[in-house]
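What follows is a set of notes on a single structure, which appears directly below.
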Amino acid sequence: MRILLVEDDPMIGDALQRALSDASYATDWVKNGLTALAALDTQPYDLVLLDLGLPGKDGLDVLDTIRARNNPVPLLIITARDSLDDRLRGLDGGADDYLLKPFDIPELLARMRAVLRRKGGSALPLLGNGVVSLDLLSKQASTEEHPDVALSSREFALLQALLIRPGAILSRSDLEDRLYGWGNEVESNAIEFLIHALRRKLGSHVIKNVRGMGWMVSKSV
Ligand code: CA
8 MRILLVEDDP MIGDALQRAL SDASYATDWV KNGLTALAAL DTQPYDLVLL DLGLPGKDGL
68 DVLDTIRARN NPVPLLIITA RDSLDDRLRG LDGGADDYLL KPFDIPELLA RMRAVLRRKG
128 GSALPLLGNG VVSLDLLSKQ ASTEEHPDVA LSSREFALLQ ALLIRPGAIL SRSDLEDRLY
188 GWGNEVESNA IEFLIHALRR KLGSHVIKNV RGMGWMVSKS V
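The numbering of the sequence shown is my numbering, which starts it at 8 and goes up by one.
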């Protein structure tokens, strides 16, 4: 999953970027509203974390612009602004949740999972297609033959990217975009290695290779 973090405070931004990376999210961090909009134009993100007090363009204006462009990206506001007016403007303006600073990282991560679940139409912290299921909390994957298999951070992120869109073929560069943020060096065979590792752990039928195009997991039956 690739996250856009919009936060101008260097200490908070740095702490959040580290925490998100520990939680297996690829994160791009921008520090003002205009850069955020430019990033959203060039890259598909799975979720946006948006501060409101930003230089360049206020967070609420950034939100308005995102929604005016019909971009449905899940978006969570993180701010110290606690007035009812700001909260209502944020939520009515199309934010999926509103989290007041200071907050604890586990609460942020839980709310991010909740927003992503709601957007994905599932009430449980579980993704699955009938062949393999992925627990978003424990990060374990299960198939009929291999229950509760522990995954590395990147293996988890790759399987999650496929399971969000069962039936869709993701190319190597689609997967690299979802697994690696800016400034991450991507080794040329990294995706193939991860696919290989996942197949070894879960069975080779779990991820299908579509020759010359990429990989997919089958649609739920
Ligand atoms: Ca700020």
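Backbone N, C-alpha and C define an ideal beta-carbon position, used for all residues, glycine too.
Taking a C-beta distance under 8 Å as the contact criterion, R185 and M8 qualify as a contact pair. W36 counts as buried, since at least 16 other C-beta atoms from the protein chains shown sit within 10 angstroms of its C-beta.
Here A87 carries a coil assignment [DSSP, helix/strand/coil]. Residue ranges of uninterrupted alpha helix (DSSP H) with 4 or more members, entirely inside the region 142 to 195 and ordered along the chain, are 160 to 171 and 179 to 186. Within the region 69 to 124, the alpha helix (DSSP H) runs of at least 4 residues that lie entirely inside it are, in chain order, 91 to 99.
The set of residues with a C-beta under 5 Å from any non-hydrogen atom of ligand 1 comprises D15, D58 and G60, given in chain order. Of the candidates G60, L131 and V80, G60 places its Cα closest to the Cα of R88. The C-beta distance from L141 to L165 rounds to 10 Å, too long to fall under 8 Å, and the pair is not in contact. Selection S178, L177, R25 and R94 evaluated against L107 yields R94 as nearest (Cα-Cα). The three-state secondary structure of S225, taken from DSSP, is coil. Apart from the 5 residues on each side of it in sequence, V193 sits with its Cβ closer than 6 Å to the Cβ of E183 and Y187 in its chain, given in chain order. Less than 8 Å separates the beta-carbon of L169 from that of I214. When C-alpha distances from Q147 are compared across L209, L91 and L115, the shortest belongs to L209. DSSP places D35 inside the beta strand (DSSP E), whose first and last residues are A33 to V37.
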